[in-house]
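Participant: So the sequence lines, in the order shown, correspond to chains A and L. The first sequence begins at 63 in this note's numbering and counts up by one. The second sequence begins at 3 in this note's numbering and counts up by one. Glycine included, every Cβ here is placed at the ideal spot set by N, Cα and C. Structure provided below as structure tokens; questions to follow.
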Amino acid sequence: MTASRRVPTVALVGRQNAGKTSLLMHLTGTTQHPVNFPGSSVERGEAFTKAGDEVLRVVDLPGITSLEALSPDEAVALDWLDGKREGEGADVVCAVMDAAKLSVELRLVLALAARGKPLVVALTKSDVAGVTIDVDLLATRLGVPVLAVNALTGVGKDALLAALRAEARRTTPRPPAAPLALDTIVREVTARSGDPHDNLTDKLDRVLLHRVFGLPILGLLLFGIFQTLFAGAKPAMDLIEAGQGALGSWVTDLVPEGALQSFLVDGLVNGVGSVLVFLPQIILLMIFVSLLEASGYMARAAFLLDRVLSKVGLSGRSFVPMVSSFACAVPGILSTRMIDNERERLATIAILPLMSCSARLPVYVVLIAAFFPVHQAGLVLFSLYALGVVIAFAVAWILRKTKLRGPYAVLMMELPVYQRPSFKVVRGQVAAAVREFMVMAGTVILTTAILIWILSYYPRPAAVHEAAQRERAPIAAELATLGDGPEHADARASLEAKLDGVKTREKATYLEGSLLASAGKFIAPLFEPAGFEWRTTVGVLAAFPARELIIPTLGILYRVGDVDPGEFEVASLDANEARKDQGLTGRLRSATREDGSPAWSTLSALAVMVFFALCSQCMATLGAIRRETRSWKWPVFVFTYMTSLAWLMAVLVFQVGSALGLGGGS
Amino acid sequence: MSEASRALEVSVVPSGDAKASRPAPQSRVEAPGRGAPRTLDRAAPGAVVRVIGVDGDDALARRLEDLGFWRGSEVRVDRVAPFGDPVQFRLHGYRLALRKSEAKRVLVEDG
Numbered sequence: 063m064t065a066s067r068r069v070p071t072v073a074l075v076g077r078q079n080a081g082k083t084s085l086l087m088h089l090t091g092t093t094q095h096p097v098n099f100p101g102s103s104v105e106r107g108e109a110f111t112k113a114g115d116e117v118l119r120v121v122d123l124p125g126i127t128s129l130e131a132l133s134p135d136e137a138v139a140l141d142w143l144d145g146k147r148e149g150e151g152a153d154v155v156c157a158v159m160d161a162a163k164l165s166v167e168l169r170l171v172l173a174l175a176a177r178g179k180p181l182v183v184a185l186t187k188s189d190v191a192g193v194t195i196d197v198d199l200l201a202t203r204l205g206v207p208v209l210a211v212n213a214l215t216g217v218g219k220d221a222l223l224a225a226l227r228a229e230a231r232r233t234t235p236r237p238p239a240a241p242l243a244l245d246t247i248v249r250e251v252t253a254r255s256g257d258p259h260d261n262l263t264d265k266l267d268r269v270l271l272h273r274v275f276g277l278p279i280l281g282l283l284l285f286g287i288f289q290t291l292f293a294g295a296k297p298a299m300d301l302i303e304a305g306q307g308a309l310g311s312w313v314t315d316l317v318p319e320g321a322l323q324s325f326l327v328d329g330l331v332n333g334v335g336s337v338l339v340f341l342p343q344i345i346l347l348m349i350f351v352s353l354l355e356a357s358g359y360m361a362r363a364a365f366l367l368d369r370v371l372s373k374v375g376l377s378g379r380s381f382v383p384m385v386s387s388f389a390c391a392v393p394g395i396l397s398t399r400m401i402d403n404e405r406e407r408l409a410t411i412a413i414l415p416l417m418s419c420s421a422r423l424p425v426y427v428v429l430i431a432a433f434f435p436v437h438q439a440g441l442v443l444f445s446l447y448a449l450g451v452v453i454a455f456a457v458a459w460i461l462r463k464t465k466l467r468g469p470y471a472v473l474m475m476e477l478p479v480y481q482r483p484s485f486k487v488v489r490g491q492v493a494a495a496v497r498e499f500m501v502m503a504g505t506v507i508l509t510t511a512i513l514i515w516i517l518s519y520y521p522r523p524a525a526v527h528e529a530a531q532r533e534r535a536p537i538a539a540e541l542a543t544l545g546d547g548p549e550h551a552d553a554r555a556s557l558e559a560k561l562d563g564v565k566t567r568e569k570a571t572y573l574e575g576s577l578l579a580s581a582g583k584f585i586a587p588l589f590e591p592a593g594f595e596w597r598t599t600v601g602v603l604a605a606f607p608a609r610e611l612i613i614p615t616l617g618i619l620y621r622v623g624d625v626d627p628g629e630f631e632v633a634s635l636d637a638n639e640a641r642k643d644q645g646l647t648g649r650l651r652s653a654t655r656e657d658g659s660p661a662w663s664t665l666s667a668l669a670v671m672v673f674f675a676l677c678s679q680c681m682a683t684l685g686a687i688r689r690e691t692r693s694w695k696w697p698v699f700v701f702t703y704m705t706s707l708a709w710l711m712a713v714l715v716f717q718v719g720s721a722l723g724l725g726g727g728s
Numbered sequence: 003m004s005e006a007s008r009a010l011e012v013s014v015v016p017s018g019d020a021k022a023s024r025p026a027p028q029s030r031v032e033a034p035g036r037g038a039p040r041t042l043d044r045a046a047p048g049a050v051v052r053v054i055g056v057d058g059d060d061a062l063a064r065r066l067e068d069l070g071f072w073r074g075s076e077v078r079v080d081r082v083a084p085f086g087d088p089v090q091f092r093l094h095g096y097r098l099a100l101r102k103s104e105a106k107r108v109l110v111e112d113g
């Protein structure tokens, strides 16, 4: 009817597990892109496809269970279907129906049919349903085309497309079917057959959902995933860091020393690289999350842990995003799409950055190595992780009592039949996550990295360079008088080390006079009650793009030279007693304030770690929140509450600790 | 094991096997007067019950009906989660997890 003016639109309507998303991928290829409904964070998948000589727009609506909305997602989907929003709607409704539960699904289909829009029924999972359905008879009884499609392999999609095109072209309303009782239709069209998948699901569930063994199995599974994640991502992360280093030195060789070189190396390569290094973790994590979801196990994990999370107004569906966030909050935030209740999803997103992610680990490790004895290292590390979780629960509870209070905090979750995950679906979800992350790296992360670089580079007083040159001149001259012979190797090495020392001091002097340092000194009084020395405050500011950036900043300010956060791993904690007084850890222990008192103490180190456990120094996370909630409100809120909370807790730790006379010396 | 597969049969049959004899009326004959009404959250794991209706007339009640808890539906209680909530039910050939607070709204009798 409207086909002459615009591309006919087909809406895929059905329940959450009916196979709509896989069907969209098969109908249109994998090039679907997420589109938001105007004025909401609810998303639909959308793509174009060719049906014969006609182009169709296929829209994957959020899952609906009935034509009465219970969640905002459903309300948005239904409004759109009716054309209540943006003056558009569906020309053809494609009801996606899981054959295994025909009677429940038919209730929705009959309701859709009663609305008179052109309707085509796509029957999925008829191969795993354990019942044989007489598709032709069902079509006759319903009075609409019914096509069986395999959502896993895509078999049957061509016939479905042809039927959709025919309905899109229909000019006369379809004749109404004889009204029949649901039970009668079901009885007529189904015949039982073998039930292999269902039996397999029963057998698996008896083990995986066992009252005693269910939780340990889940724990083991997650442990395995994390082991694989860190082991598997390590080579790729090392490769990225190596590439970053190589690119940095290549640019250093190519571009003469100066502002441009520093901008390219410190600003672009290292600034963006420090965030890009998490991409392998994000990819692996998204693969795991996607496999868990597509296999049907995700719903089981939610079932097992729902009780615990319901206490704070969340549900079992928040669990996997929370666990993912211990590696990185970005994939955690992306995987909240599986939470169908909007308020619960927002509450989950708001607390995910409190899980201690892998970018915090180097910060913890440096400070624990420097200020805590080896036998306390594990306990301190564990306490920091636990602190994040406890605070997260508290924040979720408060949010669900106030801003995100919902009329229904209910769990009505289907536990789908276990199935082999579709490669296409997993690939599509991982690709979407990578695309989002790369877009963020190219926009918000790049902008922040450039901003931080400008602030830490300028101004460049000429006096600093001249003083360094004056120091360098005699050393260079002495170096020149030495011969190339091996007998002078030691002398040459010591002179070169002296030159490196001058370079390190020059870098530190520049940074100390930079805008960033001025800003750090300006806000330093604010952090004084938490025991932060001004150089720490500068490090906090420099860590805006990504948390671990505090380490190279402290490295420069404490005159250690260039320090790579990657060298601080948990495994190094137990060997660190001997190295305590070397490198960055040693400098942190020996550094003094202007009045000669120690710059750091065990207590101030603890306060800094508490701050980093709770603060939201991560542009990628804030960017992901912005993208997922489609509003600036949430990232601003998350940043504000986390920073305030981090400051408050750091002050609390330092003040209470000082009052108790703890941790004066190190 | 045998218990589970039996329950599967019972829950699938009302949704339509034309050839098999329908056991639903039979079970009613077998258990006359056993069907004292109670709420679904009180049914023990392994029990097979029949829905009498859903309490209330709000959106939640209608949603429970749309999920399959309409009058006459057979529901099997599959299992309770480790911490005592939620509960997994089997109805109309699929598995559904509900918290007890919602299951309370469904009135059932012995099936």
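According to DSSP, residue 109 (chain A) sits in a beta bridge with which residue or residues?
Facilitator: Walking along the first sequence from the start, residue 109 (chain A) turns up at place 47. In DSSP, residue 109 (chain A) forms a bridge with A:120.
Participant: Using only CA atoms, which one of A:228, A:670, A:310 and A:183 lies nearest to residue 610 (chain A)?
Facilitator: One-based indexing of the first sequence puts residue 610 (chain A) at position 548. Measuring from the Cα of residue 610 (chain A), the nearest candidate turns out to be A:670.
Participant: May I ask you to report which of helix, strand or coil DSSP gives residue 76 (chain A)?
Facilitator: Here residue 76 (chain A) is taken as the residue at index 14 of the first sequence, counted from 1. Correct three-state label for residue 76 (chain A): strand.
Participant: Closer than 9 Å by beta-carbon distance: list the chain A residues that pair up with residue 100 (chain L), in chain order.
Facilitator: Counting from 1 along the second sequence, the entry for residue 100 (chain L) is found at position 98. Within 9 Å Cβ-Cβ: 472, 473, 474 and 475.
Participant: Apart from the five residues on each side of it in sequence, which residues of its chain come closer than 6 Å, Cβ to Cβ, to residue 99 (chain L)?
Facilitator: If you number the second sequence from 1, residue 99 (chain L) lands on position 97. Correct list, in chain order: 88 and 90.
Participant: Who are the near neighbours of residue 557 (chain A) in its chain, counting only those whose CB is closer than 7 Å to its CB and skipping five residues on each side?
Facilitator: Translated into positions along the first sequence, residue 557 (chain A) becomes position 495. Within the same chain, residue 557 (chain A) has close Cβ partners 537, 540 and 541.
Participant: Using a 10 Å radius around the Cβ and a threshold of 16 neighbouring Cβ atoms, would you call residue 464 (chain A) buried or exposed?
Facilitator: The residue given as residue 464 (chain A) occupies position 402 in the first sequence. Classification of residue 464 (chain A): exposed, given that the 10 Å Cβ count is below 16.
Participant: Which residues in chain D sit within 9 Å of residue 369 (chain A), going by Cβ to Cβ distance?
Facilitator: The chain inventory of the structure shown lacks chain D, comprising the protein chains A and L.
Participant: Could you tell me whether the Cβ atoms of residue 368 (chain A) and residue 78 (chain A) are closer together than 8 Å?
Facilitator: Position 306 of the first sequence holds residue 368 (chain A). Position 16 of the first sequence holds residue 78 (chain A). The answer is no: Cβ separation not under 8 Å.
Participant: How about residue 196 (chain A) and residue 251 (chain A): do their beta carbons lie closer than 8 Å?
Facilitator: For the purposes of this step, residue 196 (chain A) is taken as residue 134 along the first sequence, with counting starting at 1. For the purposes of this step, residue 251 (chain A) is taken as residue 189 along the first sequence, with counting starting at 1. The answer is yes: Cβ separation under 8 Å.
Participant: For residue 507 (chain A), which of helix, strand or coil comes out of DSSP?
Facilitator: Here the question's residue 507 (chain A) lines up with position 445 in the first sequence. Here residue 507 (chain A) sits in helix by DSSP.
Participant: Using Cβ-Cβ distances below 7 Å, what residues of the stretch 127-147 of chain A are close to chain L?
Facilitator: Answer set for the stretch 127-147 of chain A: 127, 128, 130 and 132.
Participant: Residues in the same chain with beta-carbon distance under 7 Å from residue 717 (chain A), minus the five sequence neighbours each way, listed in chain order, please.
Facilitator: Counting from 1 along the first sequence, the entry for residue 717 (chain A) is found at position 655. The answer, listed in chain order, is 591.
Participant: Which runs of the alpha helix (DSSP H) at least 4 residues long sit entirely within the stretch 412-440 of chain A? Give them in chain order.
Facilitator: Counting whole runs of 4 or more residues, the stretch 412-440 of chain A contains the alpha helix (DSSP H) stretches 423-433.
Participant: Establish whether the CB of residue 496 (chain A) and some CB of chain L are separated by less than 8 Å.
Facilitator: Start at 1 with the first residue of the first sequence, and residue 496 (chain A) comes out as number 434. False, the Cβ-Cβ gap to chain L never drops below 8 Å.
Participant: May I ask you to list the residues that DSSP assigns as paired with residue 253 (chain A)?
Facilitator: Stepping through the first sequence from its first residue, residue 253 (chain A) is reached at position 191. Note: residue 253 (chain A) sits in a beta bridge opposite A:194.
Participant: What are the partner residues of residue 55 (chain L), as DSSP defines its beta bridges?
Facilitator: Numbered from 1 along the second sequence, position 53 holds the residue referred to as residue 55 (chain L). Beta-bridge pairing links residue 55 (chain L) to L:109.
Participant: Measuring alpha carbon to alpha carbon, tell me which residue in A:416, A:561 and A:631 is nearest residue 703 (chain A).
Facilitator: For this step, residue 703 (chain A) is matched to residue 641 along the first sequence. Cα-wise, what sits closest to residue 703 (chain A) is A:416.
Participant: Identify the continuous alpha helix (DSSP H) that holds residue 649 (chain A) and give its terminal residues.
Facilitator: For the purposes of this step, residue 649 (chain A) is taken as the residue at position 587 of the first sequence. Residue 649 (chain A) -> alpha helix (DSSP H) spans 645-652.
Participant: Exposed or buried, which one is residue 322 (chain A) when buried takes at least 16 other CB atoms within 10 Å?
Facilitator: Residue numbering aside, residue 322 (chain A) sits at position 260 when the first sequence is read from its first letter. Exposed, because fewer than 16 other Cβ atoms sit within 10 Å of the Cβ of residue 322 (chain A).
Participant: Could you check the C-alpha separation between residue 373 (chain A) and residue 85 (chain L) for me, to the nearest Å?
Facilitator: By 1-based counting over the first sequence, the position of residue 373 (chain A) is 311. By 1-based counting over the second sequence, the position of residue 85 (chain L) is 83. Their Cα atoms are separated by approximately 12 Å.
Participant: Could you give the residue range of the alpha helix (DSSP H) that holds residue 314 (chain A)?
Facilitator: On the first sequence, position 252 is the one that residue 314 (chain A) refers to. Looking at the DSSP string, the run of the alpha helix (DSSP H) that includes residue 314 (chain A) is 276-316.
Participant: What residues are listed by DSSP as bridge partners for residue 156 (chain A)?
Facilitator: Taking the first residue of the first sequence as 1, we reach residue 156 (chain A) at position 94. Answer by DSSP bridge pairing, in chain order: A:74 and A:182.
Participant: DSSP three-state call for residue 464 (chain A): helix, strand or coil?
Facilitator: On the first sequence, position 402 is the one that residue 464 (chain A) refers to. If DSSP states are grouped into helix, strand and coil, residue 464 (chain A) belongs with coil.
Participant: Which chain A residues are close to residue 61 (chain L), counting only those with a beta carbon under 7 Å from its beta carbon?
Facilitator: In the second sequence, counting from the first residue as 1, residue 61 (chain L) sits at position 59. Within 7 Å Cβ-Cβ: 130 and 132.
Participant: Any idea which residues DSSP pairs residue 359 (chain A) with across the strands?
Facilitator: Along the first sequence, one-based indexing puts residue 359 (chain A) at 297. Residue 359 (chain A) is not bridged to any residue.
Participant: Just verifying my parser: in three-state terms, what is the DSSP assignment at residue 379 (chain A)?
Facilitator: Your numbering for residue 379 (chain A) matches position 317 in the first sequence. It is helical.
Participant: Anyone know if the C-beta pair for residue 72 (chain A) and residue 226 (chain A) falls short of 8 Å?
Facilitator: Locating residue 72 (chain A) in the first sequence gives position 10, where the first residue counts as 1. Locating residue 226 (chain A) in the first sequence gives position 164, where the first residue counts as 1. Going by C-beta atoms, residue 72 (chain A) is nearer than 8 Å to residue 226 (chain A).
Participant: Name the chain L residues that come within less than 7 Å of residue 163 (chain A), Cβ to Cβ?
Facilitator: Indexing the first sequence from 1 puts residue 163 (chain A) at position 101. Chain L residues near residue 163 (chain A): 94, 95 and 96.
Participant: So for residue 3 (chain L), helix, strand or coil by DSSP?
Facilitator: The residue labelled residue 3 (chain L) in the question sits at position 1 within the second sequence. Residue placement at residue 3 (chain L) is flagged as unreliable, the pLDDT there being 36, under the threshold of 50; the coordinate-derived value follows with that caveat. DSSP places residue 3 (chain L) in coil when its eight states are reduced to three.
Participant: Look at residue 74 (chain L) and residue 52 (chain L) and say whether their C-beta atoms are less than 8 Å apart.
Facilitator: Residue numbering aside, residue 74 (chain L) sits at position 72 when the second sequence is read from its first letter. Residue numbering aside, residue 52 (chain L) sits at position 50 when the second sequence is read from its first letter. Result yes, Cβ atoms of residue 74 (chain L) and residue 52 (chain L) sit closer than 8 Å.
Participant: Under the rule that 16 or more other beta-carbon atoms within 10 Å means buried, what is residue 528 (chain A), buried or exposed?
Facilitator: In the first sequence, counting from the first residue as 1, residue 528 (chain A) sits at position 466. Classification for residue 528 (chain A): exposed.
Participant: Does residue 365 (chain A) have its Cβ less than 8 Å from a Cβ in chain L?
Facilitator: Counting from 1 along the first sequence, the entry for residue 365 (chain A) is found at position 303. Closer than 8 Å to some Cβ of chain L, the Cβ of residue 365 (chain A) qualifies, so yes.
Participant: On the three-state DSSP scale, how would you describe residue 215 (chain A)?
Facilitator: Residue mapping note: residue 215 (chain A) aligns to position 153 of the first sequence, counting from 1. It is coil, neither helix nor strand.
Participant: Hey, residue 97 (chain L) and residue 47 (chain L): beta-carbon distance below 8 Å or not?
Facilitator: Locating residue 97 (chain L) in the second sequence gives position 95, counting from the first residue. Locating residue 47 (chain L) in the second sequence gives position 45, counting from the first residue. Against a cut-off of 8 Å, the Cβ pair of residue 47 (chain L) and residue 97 (chain L) comes out as no contact.
Participant: Considering only heavy atoms of the ligand GDP, does any lie closer than 7 Å to the CB of residue 400 (chain A)?
Facilitator: The ligand GDP is not part of the structure shown, which contains no ligands of any sort.
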